[in-house]
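Number of protein chains: 2
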Amino acid sequence: MATRRERARLATVAEIKAAALQQVASLGAPELTIRGVARAIGMSPAGIYRYYDSRDALLTDLLTDAYTDLADAVSAAAGWGPAGGVDAPTDPLAALLAATVAYRDWALAQPARFLLIFGTPVPGYQAPPQGPTVTANQRMGAVFFGLGALAWAAGQVAPASGHRTAAEPTTEGQQDVLAQLRDLAPDLPDDFVTRMLGGWALVHGLVTLEVTGQLHWALSDPGASFTGHMQAWIEAFRQGAV
Amino acid sequence: MATRRERARLATVAEIKAAALQQVASLGAPELTIRGVARAIGMSPAGIYRYYDSRDALLTDLLTDAYTDLADAVSAAAGWGPAGGVDAPTDPLAALLAATVAYRDWALAQPARFLLIFGTPVPGYQAPPQGPTVTANQRMGAVFFGLGALAWAAGQVAPASGHRTAAEPTTEGQQDVLAQLRDLAPDLPDDFVTRMLGGWALVHGLVTLEVTGQLHWALSDPGASFTGHMQAWIEAFRQGAV
DNA sequence: ACGATACGCGAACACTGTTCGCATTGCAAC
DNA sequence: GTTGCAATGCGAACAGTGTTCGCGTATCGT
């Protein structure tokens, strides 16, 4: 059982985070102020520093929370075990579609948190290699690329037409990912990561443009439009066109 | 001939913008401070207010400059007349490839300015409908979509396979764009804007991910990789796969 | 030559992040 | 049960920020 102080501390941290999240959501990340949070929860500004070393530390906590939350949402939508275990969905490409839709849904439901993750980074900042943000990123990548690998293993994806492979030597990072994916589909070709990267960029580009409001002129039903784009990409991917 | 004061004013405003741009480029947009600019050019903080009403006004000026600069770079690379006139390039799809490469090159050469444009927007901000940012955006769109239309007119692009069109009624915005594009290619189908939007999102997604440093694990030669993705998309587009 | 306008500056106000020293509270060991 | 210690909260303060105001001075149109 946690001691009284420990429970109080957890409650206070939660209160601080809730107030901070509300400030970020309603006013944007730059408007997050220590003093504002302190006012919202009825505490002195100096008191916050018993829980966070700096304003940046608070923002970082919000960011990692958002990241893991997004990774959870995408994993859940794909039927992908939260611990990394594979449920072997019957239709990997359908699960892939669901994952991308979940990605968009999450981003549009909480644009401030999404932009906290993928918006303007602070120059020179390098995420710690084993930090939570990198972990969450890899979890999303594992779902997206893993489902693609399962589809390949099921024979649902044709090899790429054209001859892009020769022109693109894969990096060590791609080799690592490829090695892991080959646990799911041993005969994955070298250009597989590159091909799926295009799909991921399409997802991210569409969502980013929509969240930042640069697509509203073209979209009457953005959700249906996004799904249509994803279906088209999956079909092209399936046929080896991309 | 401009009067002495007018020349001095132009010089001063240029000096302010240069100092501000340097601050943004080296430290990021949040670190742009009126007082810092004032220090850099040897002026009192209050003096800056003779030239800009507020810090936001200065930032907005930097943003519009960046936007028109980017639009210039893309237009120039595509051989597209700066005033909107068409040079009717011999190979529209090659020009399209060049335009997207120019987009990436500009973004990576000046990441701070790129993120000023496409990074986290301030919540609730709505760009003025006839403002310079909208104009620059439309200029880039005109190049990208216009080249696609020219390729269609030249018979280089196949109709979309699949049946996405029926599921997606085009919006008024798409209708407007379509009407303009049909000056270049009268027989453009209704789903043409949607198809090219996918290409644009792919471009933007790849560049955004690369600029924010979320793709370095996968890219040994990012420029070649980007070009490869663009060539693959153009080929798939040409064949009607996307 | 003169009145109006633009310019630049110092001082001030309200706000921010952050630190310091001092009380007070809860816990844990003697 | 008392005593010591660590955790907690607060008020005051410092440096920095954006912005405004009032005052001189330089430049302009007339």
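As they're listed, the protein sequences go chains H and C. Each number in our numbering corresponds to the 1-based position in the first sequence with 1080 added. Each number in our numbering corresponds to the 1-based position in the second sequence with 1080 added. Here a beta-carbon is modelled for each residue, glycine too, at the ideal position from N, C-alpha and C.
**Q.** Neighbourhood of Val1223 of chain C by C-beta, 6 angstroms cutoff - its chain only, sequence neighbours within 5 removed
**A.** Take Val1223 of chain C, set aside five residues on each side of it, and the residues of its chain with a beta-carbon closer than 6 angstroms to its own are Val1154, Ser1155, Ala1158, Trp1160, Ala1179, in chain order.
Q. What residue does the alpha helix (DSSP H) around Trp1232 of chain C start on, and which one ends it?
A. Counting along the chain, the alpha helix (DSSP H) containing Trp1232 of chain C begins and ends at 1212 to 1233.
Q: Check whether the Cβ atoms of Val1104 of chain H and Phe1194 of chain H lie closer than 8 angstroms to each other.
A: Result no, Cβ atoms of Val1104 of chain H and Phe1194 of chain H do not sit closer than 8 angstroms.
Q | Cut-off 8 angstroms between Cβ atoms - residues of its own chain near Ala1109 of chain C, not counting five sequence neighbours on either side | A | Contacts found: Leu1139, Ala1192, Leu1195, Leu1196, Gly1199.
Q. Under a Cβ-count criterion, where at least 16 other Cβ atoms within 10 Å of its own Cβ denotes burial, should Thr1288 of chain C be classed as buried or exposed?
A. By the 16-neighbour rule on beta-carbons within 10 angstroms, Thr1288 of chain C is buried.
Q) CB-CB under 6 angstroms to Val1093 of chain H, same chain, minus the five flanking residues each way: which ones, in chain order? A) Exclusion of the five residues before and after Val1093 of chain H leaves Tyr1131 as the residues of its chain whose Cβ lies within less than 6 angstroms of its Cβ.
Q: Rank C:Pro1239, C:Thr1251, C:Arg1184, C:Leu1258 by C-alpha distance to the C-alpha of Ala1281 of chain C and give the top, closest one.
A: Of the candidates C:Pro1239, C:Thr1251, C:Arg1184, C:Leu1258, the one whose C-alpha sits nearest the C-alpha of Ala1281 of chain C is C:Arg1184.
(Q) Out of H:Pro1266, H:Ala1137, H:Ala1151, which one is the CA nearest neighbour of Val1214 of chain H? (A) Selected option, being the one with the closest Cα: H:Ala1151.
Q. How do the region 1230 to 1245 of chain C and the region 1262 to 1278 of chain C stand: do at least 3 beta-carbon pairs fall below 8 angstroms, yes or no?
A. Short answer: they touch.
Q: Grab me the residues of Gly1211 of chain H's own chain with a C-beta within less than 8 angstroms of its C-beta, minus the 5 sequence neighbours each way, in chain order.
A: Take Gly1211 of chain H, set aside five residues on each side of it, and the residues of its chain with a beta-carbon closer than 8 angstroms to its own are Thr1144, in chain order.
Q.
Within a Cβ cutoff of 6 angstroms, which residues of the same chain sit near Ala1099 of chain H, ignoring the five residues on either side of it in sequence?
A. Result list for Ala1099 of chain H: Val1117, Ala1120, Ile1121, in chain order.
Q) When the distance is taken between beta carbons, is Asp1133 of chain C closer than 8 angstroms to Lys1097 of chain C? A) No.
(Q) Short of 8 angstroms Cβ to Cβ, which residues in the region 1304 to 1316 of chain C face chain H? (A) With the criterion set as a beta carbon lying under 8 angstroms from some beta carbon of chain H, the members of the region 1304 to 1316 of chain C are Ala1304, Ser1305, Gly1308, His1309, Gln1311, Ala1312, Trp1313, Glu1315, Ala1316, in sequence order.
Q) If you count every other CB in all the chains shown that lies within 10 Å of the CB of Thr1083 of chain C, and 16 or more means buried, which is it? A) Counting Cβ neighbours within 10 Å, Thr1083 of chain C comes out exposed, since fewer than 16 surround it.
Q: Could you check the C-alpha separation between Phe1306 of chain C and Ser1106 of chain H for me, to the nearest Å?
A: About 36 angstroms.
Q) Using DSSP with H/G/I as helix, E/B as strand and the rest coil, what is Leu1150 of chain C? A) Note: Leu1150 of chain C maps to helix in three-state DSSP.
Q) Would you say Leu1173 of chain H and Arg1318 of chain H are within 8 angstroms of each other, going by their C-beta atoms? A) Cβ distance < 8 angstroms, so Leu1173 of chain H and Arg1318 of chain H count as in contact.
Q.
On the DSSP letters alone, give me the boundaries of the alpha helix (DSSP H) that His1309 of chain C sits inside.
A. Looking at the DSSP string, the run of the alpha helix (DSSP H) that includes His1309 of chain C is 1302 to 1318.
Q) Given that Gln1255 of chain H touches chain C, what residues does it touch there, using C-beta distances under 9 angstroms? A) What Gln1255 of chain H touches in chain C: nothing, since even the nearest Cβ is about 10 angstroms away.
Q. Short check: CB of Leu1090 of chain H to CB of Ala1175 of chain H, under 8 angstroms?
A. Against a cut-off of 8 angstroms, the Cβ pair of Ala1175 of chain H and Leu1090 of chain H comes out as no contact.
Q | Euclidean distance between Cα positions of Gly1242 of chain H and Ala1312 of chain C | A | Straight-line Cα distance between these residues: approximately 8 angstroms.
Q | Helix, strand or coil at Leu1142 of chain H according to DSSP, with G and I counted as helix | A | Leu1142 of chain H: helix per DSSP, three-state reduction.
Q: Could you tell me whether any Cβ in chain C is nearer than 8 angstroms to the Cβ of Thr1215 of chain H?
A: Output row for Thr1215 of chain H: interface = no.
Q. Got a sec: is the Cβ-Cβ distance from Thr1292 of chain H to anything in chain C below 8 angstroms?
A. With respect to chain C, the C-beta atom of Thr1292 of chain H has a partner C-beta closer than 8 angstroms.
(Q) Residues of chain C with CB closer than 8 angstroms to the CB of Gly1285 of chain H, please, in chain order. (A) Result: Trp1280, Ala1281, Leu1282, Val1283, His1284, Gly1285, Leu1286, Thr1288.
Q. Under the three-state reduction of DSSP, which class applies to Arg1193 of chain C: helix, strand or coil?
A. The answer is helix: DSSP assigns Arg1193 of chain C an H, G or I state.
Q: Can you give me the Cβ contacts of Leu1101 of chain C inside the same chain, cut-off strictly under 7 angstroms, excluding the 5 residues immediately before and after it?
A: Cβ within range, chain order: Leu1142.
(Q) So, at 8 angstroms on beta carbons, what are the nonlocal neighbours of Leu1264 of chain C in its own chain, with the 5 sequence-adjacent residues on each side left out? (A) If the five residues before and after Leu1264 of chain C are omitted, its C-beta is found closer than 8 angstroms to the C-beta atoms of Val1166, Gly1226, Ala1229, Leu1230, Ala1233, all from its own chain and listed in chain order.
Q: Could you tell me whether any Cβ in chain C is nearer than 8 angstroms to the Cβ of Gln1319 of chain H?
A: Judged by the 8 angstroms Cβ criterion, Gln1319 of chain H is in contact with chain C.
Q. Around the C-beta of Ala1321 of chain C, are 16 or more other C-beta atoms found within 10 angstroms, so that it is buried, or is it exposed?
A. Under a 10 Å Cβ-count criterion, Ala1321 of chain C is classified as buried, with 16 or more other Cβ atoms of the shown protein chains found around its own Cβ.
Q | Start and end residues, alpha helix (DSSP H) containing His1284 of chain C | A | From DSSP, the alpha helix (DSSP H) with His1284 of chain C extends over 1272 to 1291.
Q. Taking Cβ positions, are Arg1115 of chain C and Pro1125 of chain C nearer each other than 8 angstroms?
A. Contact flag set, yes.
**Q.** Proximal chain C residues relative to Thr1180 of chain H, where beta-carbon distance stays under 9 angstroms
**A.** Contact of Thr1180 of chain H with chain C by beta-carbon distance below 9 angstroms is absent, the smallest such distance being about 12 angstroms.
(Q) Against chain H, which members of the region 1108 to 1129 of chain C pass a CB distance test of less than 9 angstroms? (A) Of all residues in the region 1108 to 1129 of chain C, Gly1108, Ala1109, Pro1110, Glu1111 have a Cβ within less than 9 angstroms of some Cβ in chain H.
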